[in-house]
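2 protein chains.
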Amino acid sequence: MSEAAAVIVADDPVLESDFAREMVRQMRAIDTYGTYDDWPEAKILAPFVLTKAMRREIPIVGDPDEVTMSRVSAYYNAIAATIESRCGLMAVPMIHLSHEGFGRALITVGKLVVMDKTLRDVHRFGFPELAKMKEDAEKLVDKAAQLIETYPDVANL
Amino acid sequence: MSEAAAVIVADDPVLESDFAREMVRQMRAIDTYGTYDDWPEAKILAPFVLTKAMRREIPIVGDPDEVTMSRVSAYYNAIAATIESRCGLMAVPMIHLSHEGFGRALITVGKLVVMDKTLRDVHRFGFPELAKMKEDAEKLVDKAAQLIETYPDVANL
């Protein structure tokens, strides 16, 4: 992981964003043994960045391992937490993966599905750069917030 | 499974119901090797019935095996299919299980969550009698249909 750690510079301004902070919080939450305790944020989030060259090294077809799966969970948990803090309503993530990394990620608020994403190639989960991760997540959060605003009754069920 | 086969009599009128027929269809759909081809319906649905005595034989804590999991899927798939044929809108089931058989079963229609059930003790999944299975399922379908009627916009998203 020493190469991976270099893909995010320690003073990347994205690290200061709410979403990156939430991601770090989620990663620390699943870090049972306190491995990340003295890691800088750039190092904790480094595995989420997969440059083109890094992606090329990973086989096209493969089963996601548990570490990758926990990263995918951390990402969607962070999105759910962000929706929750934005809208003040509980947002519940649910991820379903079949073999070979295909699946579906869902976030519900009340009886409203505020995010519904088909997952593919989960074993190669990652973003070309940290800024792209934040950008994608914010788009999903915005769309969710819009849906909640349009259908408050259903979101409050 | 020879004892289990006896828990449903071959002329049980419940076997003629739409839901039982749908359940048989779902079970046949996952029967890759055609094992059920010449089985009567009562025998195909027998594993869904767990009498008190049978339940007592199963340990309280346990991991659900694949066969049990596929039965749980067949049940919620049948509910989704029934909702679909009743409302004319696609109903998508999603089951998420963590270890020890805890989890959540969800059915969505459009952006509407029409069924949301917490699963417990999935390794002991079953109903005291066939009529109870049908009754429970019909309650879930009715509730779903009601939700779709109340929020057609969201169900059509």
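Protein sequence lines, in the order shown, are assigned to chains P and S.
If you use the numbering used here, the first sequence corresponds to residues 10 to 166, in order.
If you use the numbering used here, the second sequence corresponds to residues 10 to 166, in order.
C-beta: ideal position from N, C-alpha, C; glycine also.
If you count every other CB in all the chains shown that lies within 10 Å of the CB of S:Ile53, and 16 or more means buried, which is it?
Here residue 53 of chain S refers to the residue found at position 44 of the second sequence. That one is buried.
If we count Cβ pairs, one from each stretch, closer than 8 Å, do we get three or more for the segment 19 to 39 of chain S versus the segment 75 to 89 of chain S?
yes
Using DSSP's beta-bridge definition, name the partner residues of S:Thr127.
If you number the second sequence from 1, residue 127 of chain S lands on position 118. In the DSSP output, where bridge partners are listed per residue, S:Thr127 has S:Arg113.
Cβ distance (whole Å) where S:Gly110 is taken to contact S:Val131 below 8 Å:
Working through the second sequence from its first residue, we reach residue 110 of chain S at position 101. Working through the second sequence from its first residue, we reach residue 131 of chain S at position 122. Right, their Cβ atoms sit about 3 Å apart.
Could you give the C-beta distance for S:Arg64 and S:Arg129, rounded to a whole number, given that I count them as a contact under 8 Å?
Your numbering for residue 64 of chain S matches position 55 in the second sequence. Your numbering for residue 129 of chain S matches position 120 in the second sequence. Not quite, the Cβ-Cβ distance comes to about 13 Å (not below 8 Å), so this is no contact.
Under 7 Å from the C-beta of S:Tyr160: neighbouring residues of chain P
Position 151 of the second sequence, counted from the start, is the residue given in the question as residue 160 of chain S. Result: Val163.
Within 8 Å of any Cβ in chain S, is that where the Cβ of P:Lys148 sits?
Within the first sequence, numbered from 1, the residue matching residue 148 of chain P stands at position 139. So, not an interface residue.
When the distance is taken between beta carbons, is S:Ala51 closer than 8 Å to S:Leu24?
Locating residue 24 of chain S in the second sequence gives position 15, counting from the first residue. Locating residue 51 of chain S in the second sequence gives position 42, counting from the first residue. Going by C-beta atoms, S:Leu24 is nearer than 8 Å to S:Ala51.
Could you tell me the boundaries of the beta strand (DSSP E) in which S:Ala100 lies?
Position 91 of the second sequence, counted from the start, is the residue given in the question as residue 100 of chain S. Run containing S:Ala100: 100 to 106, per the beta strand (DSSP E) assignment.
Could you pull out every residue in the same chain whose Cβ sits closer than 6 Å to the Cβ of S:His105, ignoring the five residues on either side in sequence?
Numbered from its first residue, the second sequence carries residue 105 of chain S at position 96. The answer, listed in chain order, is Gly112, Arg113.
To the nearest angstrom, report how far apart S:Asp125 and P:Asn165 are at their CA atoms.
Residue mapping note: residue 125 of chain S aligns to position 116 of the second sequence, counting from 1. Residue mapping note: residue 165 of chain P aligns to position 156 of the first sequence, counting from 1. Roughly 15 Å separates the two Cα atoms.
Opening and closing residue of the alpha helix (DSSP H) in which S:Phe28 lies:
Position 19 of the second sequence, counting from 1, holds the residue named residue 28 of chain S. Start and end: 27 to 38.
Using three-state DSSP, classify S:Val150 as helix, strand or coil.
By 1-based counting over the second sequence, the position of residue 150 of chain S is 141. Helix at S:Val150.
Less than 8 Å between CB atoms is the rule here; does P:Ser120 satisfy it with respect to chain S?
Locating residue 120 of chain P in the first sequence gives position 111, where the first residue counts as 1. Note on identity: in this sequence residue 120 of chain P is Lys, with Ser being the wrong assignment. For P:Lys120, the answer is yes, since a Cβ of chain S falls inside 8 Å of its Cβ.
Straight-line Cα distance separating S:Val70 from S:Asp46:
What you label residue 46 of chain S is simply residue 37 of the second sequence in a count that begins at 1. What you label residue 70 of chain S is simply residue 61 of the second sequence in a count that begins at 1. If I take the Cα positions, the gap works out to 34 Å.
So what does P:Phe136 bridge to, in DSSP terms?
Position 127 of the first sequence, counted from the start, is the residue given in the question as residue 136 of chain P. In the DSSP secondary-structure assignment, P:Phe136 is bridged to P:Val58.
Closest to S:Cys96 by CA distance: which of S:Asp20, S:Leu156, S:Ile17, S:Asp145 is it?
Within the second sequence, the letter at position 87 stands for residue 96 of chain S. The residue with the shortest Cα to Cα distance from S:Cys96 is S:Leu156.
To be precise: take each residue of the segment 111 to 136 of chain S, compare its Cβ to all Cβ atoms of chain P, and keep it if any distance is under 7 Å. Which residues remain?
Arg113, Leu115, Thr117, Lys120, Leu121, Val122
Along chain P, which residues have their Cβ under 9 Å away from the Cβ of S:Met103?
Counting from 1 along the second sequence, the entry for residue 103 of chain S is found at position 94. Chain P residues near S:Met103: Met103, His105, Arg113, Leu115.
Please classify S:Pro73: is it buried, with 16 or more other beta-carbons within 10 angstroms of its beta-carbon, or exposed?
Translated into the one-based positions of the second sequence, residue 73 of chain S becomes position 64. With 16 or more Cβ atoms within 10 Å of its Cβ, S:Pro73 is classed as buried.
What number of angstroms, rounded off, separates the C-alpha of S:Thr117 from the C-alpha of P:Asp20?
Taking the second sequence and counting its residues from 1, one reaches residue 117 of chain S at position 108. Taking the first sequence and counting its residues from 1, one reaches residue 20 of chain P at position 11. Cα to Cα, S:Thr117 sits roughly 42 Å from P:Asp20.
Simplified DSSP assignment, three categories, for S:Val122:
Counted from its first residue, the second sequence places residue 122 of chain S at position 113. Strand, per DSSP.
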